[in-house]
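Worksheet: one structure, shown below.
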């Protein structure tokens, strides 16, 4: 007799919820996820979009990664900045990028930003906000430049400039005071850098440096560490040891392999 | 029969003055006629900055009653003496009490007839002591104050809140202003207080108040500005700020919709 095999259902399993509550009351705390505690921004300009992000990943009050990369590749013409739980934004963007590539192979066309948006919202809504991923999605496709933001519950916004993350309040204040329509490329990049710097200096969850991605028709340029507002300290001297510092006392050689003449292996 | 309780009114059950837990030993606990249970009519952000000629603060003229924009002509800026100005956020009834209290203080000082007038640092210190004392009794004056002044060529700008937290800086912002306005104030003012002109200061405050109107719910597009210089306190008439909404003209829907 063969017993029925239970195939696990997809999605989250909440069976341990009750048990976890009781454990928490007894003093056992769940591990805190690494959050990106971020400043991410996006703005449209004359011929495309500029996306910007800071590079700090925090776990509670510790900086877990002081130079992480938050501008995720979705398609050659679409990039998405991710704020929220680092694991969620990384994996979700990778999954949607794969989905988009398969879609490109099936349709034979360049991906559209609205496709990426739909894939993301449908995915996030299915998980009812349990996936902590807030994204700023930008790209240029056949219909022109597009900029969207997606929230963890799956709602979307379509605006000419957007910010997400803990530093979004500082960044949006820069946009609200200096943004204008149809900016030139350099102006848009400067504005994005200013907005991210406002987040870096005024929000504790954001820091380190500024990464920028500029997407135009047929061209996406990603600059890692476009601006490093805090000066890096140059070490006074080189602390490498000179060759020969450690004296060699003795040497011994052992042959593990005996080398003989012979025919080459047939690997056809 | 409980021989040791002093239960004379229905609120005394809640309080034992000899209770070792200080939160239960307060006479006012549970008595809404004696302690601010929760703030009711609230004012939102107040901003302040130092500039060349003195100090400038700005606040909108709204007293919110929860989610209702109830009192739309509420002046949240008040002069204390000739060279100090007070901007208040938080509960408006506690602000009115503070105004009366500071007026009495200035009058009493005047009657000592010693030619000394309380200057801004004195008023600031007095106010922060009162606020800390009230918070220690668990009966706070539910406000955040921006105290600005100009005395004998010295500028003064300070912040004091319902907990008694104090700090002095050339830039002060209460509430959500700390998130929205402070980044801009820091960029524009810090390090340049001595060369910032009045026109620039007005421009900066207007920009910040506009952003707060855009992004904070309980605000109004009607603000008041006050400056304190060697010539004294000058509080402007309320005025509206120009706002731009054309950015949304071409947008349809929130995702894939195109028409």
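Protein chains in written order, with full-length UniProt numbering: chain A, 1 to 268; chain B, 1 to 259.
Heads up, the beta-carbon is just placed ideally off N, CA and C, and yes, glycines get one too.
(1) So does the stretch 163-180 of chain A actually touch the stretch 193-207 of chain A, counting three or more Cβ pairs closer than 8 Å?
(2) Check whether the Cβ atoms of residue 51 of chain A and residue 71 of chain A sit closer than 8 Å, and answer yes or no.
(3) Which runs of the alpha helix (DSSP H), 4 residues or longer, sit entirely within the stretch 60-125 of chain B?
(4) Would you mind giving the Cβ-Cβ distance between residue 264 of chain B and residue 228 of chain B, rounded to the nearest angstrom? I have them listed as a contact below 8 Å.
(5) Identify the continuous beta strand (DSSP E) that holds residue 80 of chain A and give its terminal residues.
(6) Helix, strand or coil, according to DSSP, for residue 50 of chain B in the structure here?
(7) Are the C-beta atoms of residue 158 of chain A and some chain B residue less than 8 Å apart?
(8) Residues of the stretch 211-244 of chain B with a CB closer than 7 Å to any CB of chain A: list them in chain order, please.
(9) Please give me, in chain order, every unbroken run of the alpha helix (DSSP H) with length at least 4 that falls completely inside the stretch 108-183 of chain A.
(10) Okay, do the stretch 144-161 of chain A and the stretch 15-32 of chain A touch, 3+ Cβ pairs below 8 Å being the bar?
(11) Which residues in the same chain as residue 101 of chain B place their Cβ atom closer than 8 Å to its Cβ, once the five residues preceding and following it in sequence are excluded?
(12) Given a cut-off of 8 Å on the beta-carbon distance, is the pair residue 43 of chain A and residue 188 of chain A in contact?
(13) Mind checking if residue 114 of chain A is an interface residue toward chain B, Cβ cutoff 8 Å exclusive?
(14) Can you list the residues of chain A that residue 179 of chain B reaches, using a CB-CB cut of under 7 Å?
(15) Going along chain A in order, which residues have a C-beta closer than 7 Å to the C-beta of residue 254 of chain B?
(16) Taking just the CA atoms, how far does residue 221 of chain A sit from residue 119 of chain A?
(17) When the Cα atoms are used, what is the spatial distance from residue 280 of chain A to residue 244 of chain A?
(18) For the structure I just gave you, are there three or more beta carbon pairs, one from the stretch 230-240 of chain A and one from the stretch 59-73 of chain A, closer than 8 Å?
(19) According to DSSP, is residue 1 of chain B helix, strand or coil?
(20) Using the Cβ count rule (16 or more neighbours within 10 Å means buried), how would you classify residue 152 of chain B?
(21) In chain A, which residues lie less than 8 Å from residue 45 of chain B when you measure between Cβ atoms?
(22) Under 9 Å, CB to CB, which of the residues in the stretch 45-73 of chain A have a partner in chain C?
(23) So what does DSSP say about residue 253 of chain A, is it helix, strand or coil?
(24) Drop a sphere of 10 angstroms on the beta-carbon of residue 14 of chain A, count the other beta-carbons inside from all chains shown, and report buried for 16 or more, exposed for fewer.
(25) If we ignore side chains and look at the alpha-carbon of each, how far apart do residue 253 of chain B and residue 50 of chain B end up?
(26) Is the shortest distance between the beta-carbon of residue 1 of chain B and the beta-carbons of chain A less than 8 Å?
(27) Can you tell me which residues form a DSSP beta bridge with residue 72 of chain A?
(28) So, for residue 164 of chain B: in the same chain, excluding its five sequence neighbours on each side, which residues have a beta-carbon less than 7 Å away from its beta-carbon?
(29) In whole angstroms, what is the alpha-carbon distance linking residue 95 of chain A and residue 117 of chain A?
(30) Measure the alpha-carbon distance for residue 16 of chain A versus residue 65 of chain A and round it to whole angstroms.
(31) Which residues in the same chain have their Cβ closer than 7 Å to the Cβ of residue 162 of chain B, if we skip the five residues on either side of it in sequence?
(32) Output the boundary residues of the alpha helix (DSSP H) element that contains residue 209 of chain B.
(33) Quick check on the burial criterion: 16 or more other C-beta atoms within 10 angstroms. Buried or exposed for residue 75 of chain A?
(34) So if I threshold CB-CB distances at 9 Å, which residues from the stretch 86-114 of chain B count as touching chain A?
(35) Compute the beta-carbon to beta-carbon distance between residue 153 of chain A and residue 129 of chain A, rounded to the nearest angstrom, for a pair I have assumed lies under 8 Å.
(36) Do the CB positions of residue 48 of chain A and residue 137 of chain A come within less than 8 Å of each other?
In short, the structure shows the following:
(1) yes
(2) Taking the first chain and counting its residues from 1, the one referred to as residue 51 of chain A is at position 51. Taking the first chain and counting its residues from 1, the one referred to as residue 71 of chain A is at position 71. A contact, by the Cβ cut-off of 8 Å.
(3) 92-111
(4) Nothing in the structure corresponds to residue 264 of chain B, since chain B is present only between 1 and 259.
(5) Sequence index remark: in the first chain, residue 80 of chain A carries index 80 (1-based). From DSSP, the beta strand (DSSP E) with residue 80 of chain A extends over 78-84.
(6) The sequence position of residue 50 of chain B within the second chain is 50, counting from 1. DSSP places residue 50 of chain B in strand when its eight states are reduced to three.
(7) The sequence position of residue 158 of chain A within the first chain is 158, counting from 1. True, the Cβ-Cβ gap to chain B drops below 8 Å.
(8) 211, 214 and 215
(9) 113-126 and 168-178
(10) no
(11) Your numbering for residue 101 of chain B matches position 101 in the second chain. Excluding residues within five positions, the ones whose Cβ falls inside 8 Å are 130.
(12) Walking along the first chain from the start, residue 43 of chain A turns up at place 43. Walking along the first chain from the start, residue 188 of chain A turns up at place 188. Their beta carbons are under 8 Å apart, which means residue 43 of chain A touches residue 188 of chain A by this criterion.
(13) What you label residue 114 of chain A is simply residue 114 of the first chain in a count that begins at 1. Closer than 8 Å: yes.
(14) Taking the first residue of the second chain as 1, we reach residue 179 of chain B at position 179. Residues of chain A passing the Cβ test: 169 and 170.
(15) Here residue 254 of chain B is taken as the residue at index 254 of the second chain, counted from 1. In chain order: 156, 157 and 158.
(16) Counting from one through the first chain, the residue named residue 119 of chain A turns up at place 119. Counting from one through the first chain, the residue named residue 221 of chain A turns up at place 221. Between residue 119 of chain A and residue 221 of chain A, the C-alpha separation is close to 24 Å.
(17) No answer is possible for residue 280 of chain A: it lies beyond the span of chain A, which begins at 1 and ends at 268.
(18) no
(19) Looking up residue 1 of chain B in the second chain gives position 1. Unreliable positioning characterises residue 1 of chain B in this predicted model, as indicated by a pLDDT of 45, which lies under 50. A coordinate reading is not provided.
(20) For this step, residue 152 of chain B is matched to residue 152 along the second chain. When all chains shown are included, residue 152 of chain B counts as exposed.
(21) The sequence position of residue 45 of chain B within the second chain is 45, counting from 1. Per Cβ cutoff of 8 Å: no residues; residue 45 of chain B is ~12 Å from chain A at best.
(22) Looking for chain C here will not work: the only protein chains present are A and B.
(23) If you number the first chain from 1, residue 253 of chain A lands on position 253. Looking at residue 253 of chain A - three-state DSSP - the assignment turns out to be coil, as it is neither helix nor strand.
(24) Residue numbering aside, residue 14 of chain A sits at position 14 when the first chain is read from its first letter. Under this definition residue 14 of chain A is an exposed residue.
(25) Taking the second chain and counting its residues from 1, the one referred to as residue 253 of chain B is at position 253. Taking the second chain and counting its residues from 1, the one referred to as residue 50 of chain B is at position 50. Residue 253 of chain B and residue 50 of chain B: Cα-Cα distance of roughly 44 Å.
(26) Working through the second chain from its first residue, we reach residue 1 of chain B at position 1. Since pLDDT at residue 1 of chain B reaches only 45, below the 50 mark, its modelled position is unreliable, and the value read off the structure follows with that caveat. It does not; no Cβ of chain A falls within 8 Å.
(27) Counting from 1 along the first chain, the entry for residue 72 of chain A is found at position 72. Answer by DSSP bridge pairing, in chain order: A/80.
(28) As a first step, residue 164 of chain B must be located in the second chain, where it is residue number 164. Counting only Cβ-Cβ distances below 7 Å, and skipping sequence neighbours, we find 128, 131, 132 and 135.
(29) One-based indexing of the first chain puts residue 95 of chain A at position 95. One-based indexing of the first chain puts residue 117 of chain A at position 117. So the two alpha carbons sit approximately 13 Å from each other.
(30) Working through the first chain from its first residue, we reach residue 16 of chain A at position 16. Working through the first chain from its first residue, we reach residue 65 of chain A at position 65. Rounded to whole angstroms, residue 16 of chain A to residue 65 of chain A spans 30 Å at the Cα level.
(31) Taking the second chain and counting its residues from 1, the one referred to as residue 162 of chain B is at position 162. Excluding sequence neighbours, residue 162 of chain B sits near 90, 131, 135, 140, 141, 142, 143 and 144.
(32) To locate residue 209 of chain B, count along the second chain from 1; it is residue 209. Counting along the chain, the alpha helix (DSSP H) containing residue 209 of chain B begins and ends at 198-215.
(33) Start at 1 with the first residue of the first chain, and residue 75 of chain A comes out as number 75. The residue in question, residue 75 of chain A, is buried, as its Cβ has 16 or more Cβ neighbours within 10 Å.
(34) none
(35) Locating residue 153 of chain A in the first chain gives position 153, where the first residue counts as 1. Locating residue 129 of chain A in the first chain gives position 129, where the first residue counts as 1. So it is a contact: roughly 4 Å between Cβ atoms.
(36) By 1-based counting over the first chain, the position of residue 48 of chain A is 48. By 1-based counting over the first chain, the position of residue 137 of chain A is 137. Result no, Cβ atoms of residue 48 of chain A and residue 137 of chain A do not sit closer than 8 Å.
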